[in-house]
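Worksheet: the structure to be examined is printed underneath.
Numbering (mature numbering (1 follows the signal peptide of the UniProt record, and there is no 0)), first residue to last: -24 to -1, 1 to 121.
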């Protein structure tokens, strides 16, 4: 009986303490699920580079090949090819049809067509397109400073 009483008391204490949620313990504000991305909270200076230009995306066959900057191309990253912007330049590409945008880093040269302004990785392109069947988009390009 003497061994059962402390064990019962311990279980009762554990039960009572576990019944308090993070919501009530911390005054109604649970901090366990608060996630902020740095890019959401830090204001960025954007300079319009070009607007109403055409973006496209890389074919999967380029995966693993070296880019003009010497990096290995990865269609699952947020990078881009541009004819003249310096390597390492971060740009925001905004779909003019739906307002969705993506931030990418220039690490390659291209596209090599007068009608096209920027090549995005497939991941970046698919994030801003409204229709997965289109291969080009009208976009605005802004330099992130």
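Just so you know, even glycine gets a beta-carbon here, dropped at the ideal spot from N, CA and C.
The beta carbons of residue 115 and residue 69 sit closer together than 7 Å. Sorting 52, 63, 43, 76 by C-alpha distance to the C-alpha of residue 107 places 76 at the top.
Membership of residue 100 in the alpha helix (DSSP H) is indicated by the continuous run 98 to 104.
Within the same chain, and ignoring the five residues on either side of residue 62 in sequence, the residues whose Cβ sits closer than 8 Å to its Cβ are 82. By the CB criterion at 7 Å, residue 34 and residue 95 fall inside the cutoff.
Residues of the same chain with a CB within less than 6 Å of the CB of residue 43, apart from the 5 flanking positions on each side, are 49, 83, 84 in chain order.
Between the alpha carbons of residue 88 and residue 57 lies a distance of about 10 Å. For residue 66, the enclosing beta strand (DSSP E) covers residues 66 to 71. In the structure shown, the three-state DSSP call for residue 50 is coil. Beyond the five residues adjoining it in sequence on each side, residue 22 comes within less than 8 Å, by CB distance, of 68, 118, 119, 120, 121 in the same chain, given in chain order. Residue state for residue 59 is assigned as coil, using DSSP reduced to three classes. The beta-bridge partner set that DSSP reports for residue 34 is empty. By the criterion of a C-beta distance shorter than 7 Å, residue 27 is surrounded in its chain by 116, once the five residues flanking it on both sides are discounted. For residue 113, the enclosing beta strand (DSSP E) stretches over residues 112 to 120. Look at residue 92 here: in three-state DSSP terms it is coil, with no helix or strand label.
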